[in-house]
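S.K.:
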Amino acid sequence: MHVGALPPQLAALIMTNVNVQQLTVEAALTGKREHIYHAAMMDPHTAAELSVDQIWKLVDELIDAHGSLLPSYQ
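Residues in the sequence shown are numbered from 2 upward in steps of one, following the numbering used here.
(1) Determine the burial state of L11: buried for a count of at least 16 other Cβ atoms within 10 Å of its Cβ, exposed for fewer.
(2) Three or more C-beta pairs under 8 Å: does that hold for the stretch 58-69 against the stretch 15-24?
(3) Alpha carbon to alpha carbon, how far is D54 from L7?
(4) DSSP three-state call for A66: helix, strand or coil?
(5) Are the beta-carbon atoms of L51 and H36 separated by less than 7 Å?
(6) Confirm the yes/no value for this check: CB of G68, any heavy atom of the ligand GDP, distance under 6 Å.
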């Protein structure tokens with residue numbers, strides 16, 4: 002079976018989610034907390050529903066609630 006290249010419009014649509022996933026992985030690997038904020042701000046649904054300040058607060062609350070399951074962030 003051969004699968005060709007994605008049409009450009011589909012590749013562009015998928016990249017909005019891939020970018021969020023890449024930043025999330027980068028945050029886990031480097032321990033840089035700002036990558037988590039950036040990933041959340043780039044998420045299309047989160048950005049459509051919350052302001053930047055609300056996103057930062059949400060990320061802080063999620064890290065506080067689940068910090069024992071996460072690497073430490075700077």
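Note that CB positions come from ideal geometry on N, CA and C, so glycine has one too.
M.R.: The structure says:
(1) Within the sequence shown, numbered from 1, the residue matching residue 11 stands at position 10. Exposed: under 16 other Cβ atoms inside 10 Å.
(2) no
(3) The sequence position of residue 54 within the sequence shown is 53, counting from 1. The sequence position of residue 7 within the sequence shown is 6, counting from 1. Distance between the alpha carbons of D54 and L7 is about 36 Å.
(4) The residue given as residue 66 occupies position 65 in the sequence shown. Looking at A66 - three-state DSSP - the assignment turns out to be helix.
(5) For the purposes of this step, residue 51 is taken as residue 50 along the sequence shown, with counting starting at 1. For the purposes of this step, residue 36 is taken as residue 35 along the sequence shown, with counting starting at 1. Going by C-beta atoms, L51 is not nearer than 7 Å to H36.
(6) By its list of ligands, the structure shown contains no ligand whatsoever, and the ligand GDP lies outside what it can speak to.
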